[in-house]
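*Asks:* Residue 7 is where the sequence shown starts when you use my numbering, and the numbers rise one by one after that.
We treat Cβ as the ideally placed atom computed from N, Cα and C, and that holds for glycine.
Dropping a structure here in structure tokens format, bear with me for questions.
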Amino acid sequence: MSNNIPENFEAMCKFSEAYAKRTGTFFCSDISVTAVVVEGLAKHKDQYGAPLCPCRHYDDKAKEVANTYWNCPCVPMRERRECHCMLFLPSGSDFAGNNQDLDMHILLDLIKS
Ligand code: SF4
7 MSNNIPENFE AMCKFSEAYA KRTGTFFCSD ISVTAVVVEG LAKHKDQYGA
57 PLCPCRHYDD KAKEVANTYW NCPCVPMRER RECHCMLFLP SGSDFAGNNQ
107 DLDMHILLDL IKS
């Protein structure tokens, strides 16, 4: 943990930045969307040991984690660049900003407020 940033929150921010750059995708122009998704991924990593997609309903989260299909980056993202959470957006998307970097402190403030 650094500067009071929870370990898995930091890990998911770093993963998201690296993955956006690798895939040529961008974060949402409304960064509060990004904050909520990253927080959801970090919570699942805290609770289940894997960043299960936070934008879906599961009857049994532990079972879904074991299935791996919806562990981020999920299969639709890896195969077709489809992120229904709007964490990773193609540049042509109406919702895409121009950022592939995240300020963790700003994201945390958005979640707390
Ligand atoms: Fe990750 Fe896929 Fe969920 Fe997007 S839709 S946050 S890539 S698991």
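Taking 8 Å as the line, does the beta carbon of Pro57 fall inside it for any heavy atom of the ligand SF4?
*Replies:* yes
*Asks:* So who's on the other strand from Cys34, going by DSSP bridges?
*Replies:* Ala102
*Asks:* Specify, as a first and last residue, the run of the alpha helix (DSSP H) that His111 falls within.
*Replies:* Looking at the DSSP string, the run of the alpha helix (DSSP H) that includes His111 is Met110 to Lys118.
*Asks:* Going by the DSSP bridge assignment, what does Leu47 pair with across the sheet?
*Replies:* Per DSSP, Leu47 has no beta bridge partner at all.
*Asks:* Taking the CB atoms as reference points, tell me whether Ser22 and Phe94 lie closer together than 9 Å.
*Replies:* yes
*Asks:* Return the first residue and the last residue of the alpha helix (DSSP H) that Asn73 is part of.
*Replies:* Lys67 to Asn73
*Asks:* Less than 8 Å between the CB of Cys80 and some heavy atom of the ligand SF4, yes or no?
*Replies:* yes
*Asks:* Indicate the three-state DSSP secondary structure (helix, strand or coil) for Pro96 in the structure shown.
*Replies:* strand
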